[in-house]
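Undergrad:
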Amino acid sequence: MQPEPKDLSQEEINFLKDIFFVFDKGRDGDISCTEIKNLLAKFGFEHSLRDIDDMIREKDLDQDGRINFNEFYRIISRDTSSLERMMEAKQIFDLCDTNSDGKIDRGELKAYFQKIGIPLSEKEIDDMISVADGNRNGFVEFEEFVKLFQ
11 MQPEPKDLSQ EEINFLKDIF FVFDKGRDGD ISCTEIKNLL AKFGFEHSLR
61 DIDDMIREKD LDQDGRINFN EFYRIISRDT SSLERMMEAK QIFDLCDTNS
111 DGKIDRGELK AYFQKIGIPL SEKEIDDMIS VADGNRNGFV EFEEFVKLFQ
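Reading the sequence shown from the start, the letters are residues 11 to 160 in the numbering used here.
Below is the structure:
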């Protein structure tokens with residue numbers, strides 16, 4: 011038996027909307043089941059792919075193979091510990107992303123660590139960016155940041 015969705019705060023709901031719309035590439039109000047599986051895996055939701063398939067099948071109320079925000083909410087709100095970790099990662103990401111452009115560059119990363127009292131060398135900054143920067147664009151986007159945070 012799967013747990014029932016938890017009541018989330020308005021802050022958590024707004025956060026989920028932000029995450030949902032990052033993956034709603036077509037801006038049509040829904041994302042594919044494949045995208046939702048990738049999203050859940052990226053953000054560390056601790057379920058097997060089979061469990062995710064079962065959740066999606068159960069929550070895809072109109073059985074169209076796509077997940078709208080209300081369906082997404084019902085899936086995510088079952089695992090509040092993962093949601094809390096994701097929100098914590100987002101808060102830290104936002105602190106690093108001082109210009110709010112959705113990515114962290116070398117300077118922002120260095121400034122963040124200096125601010126919290128951990129001065130890093132240029133090589134250490136480069137190494138951190140290199141490890142986190144999955145698409146090799148020289149920046150760390152939120153999805154990449156979350157992988158490091160897990």
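We put the beta carbon where it would ideally sit given N, CA and C, even for glycine. Bear in mind that the values here come from a model prediction, so they are computed numbers and not experimental data.
Using a Cβ-Cβ cutoff of less than 6 angstroms, which residues in the same chain neighbour Glu151 once the five nearest sequence positions on both sides are dropped?
TA: Within the sequence shown, residue 151 is the residue found at index 141, counting from 1. The residues are Lys113.
Undergrad: Going by C-alpha to C-alpha distance, which of Asn80, Met65, Lys125 sits closest to Ile102?
TA: Locating residue 102 in the sequence shown gives position 92, counting from the first residue. Here the closest residue by C-alpha is Lys125.
Undergrad: Which whole-angstrom value is the C-beta distance of Leu161 and Glu81, which I expect to be below 8 angstroms?
TA: Only positions 11 to 160 of the chain appear in the structure, and residue 161 is not among them; the question remains open.
Undergrad: Going by other Cβ atoms of all chains shown within 10 Å of its Cβ, with 16 needed for buried, is Glu154 buried or exposed?
TA: The sequence position of residue 154 within the sequence shown is 144, counting from 1. Flag for Glu154 reads buried.
Undergrad: Any chance you could list the beta strand (DSSP E) runs of at least 3 consecutive residues sitting entirely within the stretch 56-140, in chain order?
TA: You should have 76-78.
Undergrad: Check Gln12 in the structure and name its three-state DSSP category.
TA: What you label residue 12 is simply residue 2 of the sequence shown in a count that begins at 1. The predicted position of Gln12 is uncertain, since its pLDDT is 41 and thus under 50; no value can be drawn from it.
Undergrad: Taking the beta strand (DSSP E) that Asp40 falls in, what are its first and last residues?
TA: As a position in the sequence shown, residue 40 is number 30, starting the count at 1. 40-42 is the span of the beta strand (DSSP E), which, as asked, contains Asp40.
Undergrad: Where do the ends of the alpha helix (DSSP H) carrying Lys27 lie?
TA: Taking the first residue of the sequence shown as 1, we reach residue 27 at position 17. First-last of the alpha helix (DSSP H) with Lys27: 20-33.
Undergrad: Round the Cβ separation of Asp17 and Arg76 to the nearest angstrom and send it over; I've been treating them as touching at under 8 angstroms.
TA: In the sequence shown, the residue the question calls residue 17 occupies position 7. In the sequence shown, the residue the question calls residue 76 occupies position 66. Going by Cβ atoms, the distance from Asp17 to Arg76 rounds to 25 angstroms, so no, they are not a contact pair.
Undergrad: Among Ile23, Leu26, Arg37, Asp64, which one has its Cα closest to the Cα of Cys43?
TA: Mapped onto the sequence shown, residue 43 falls at position 33. Ranking the options by Cα distance to Cys43, first place goes to Asp64.
Undergrad: Out of Tyr83, Ile135, Phe149, Gly127, state which residue places its alpha-carbon closest to the alpha-carbon of Ile23.
TA: The residue given as residue 23 occupies position 13 in the sequence shown. When each option's Cα is compared against that of Ile23, the closest is Tyr83.
Undergrad: I need the straight-line Cα distance from Gly127 to Lys35, nearest angstrom please.
TA: Walking along the sequence shown from the start, residue 127 turns up at place 117. Walking along the sequence shown from the start, residue 35 turns up at place 25. Each residue's Cα considered, the two are about 38 angstroms apart.
Undergrad: Measure the alpha-carbon distance for Cys106 versus Tyr122 and round it to whole angstroms.
TA: As a working mapping, residue 106 is identified with position 96 in the sequence shown. As a working mapping, residue 122 is identified with position 112 in the sequence shown. Distance between the alpha carbons of Cys106 and Tyr122: 6 angstroms.
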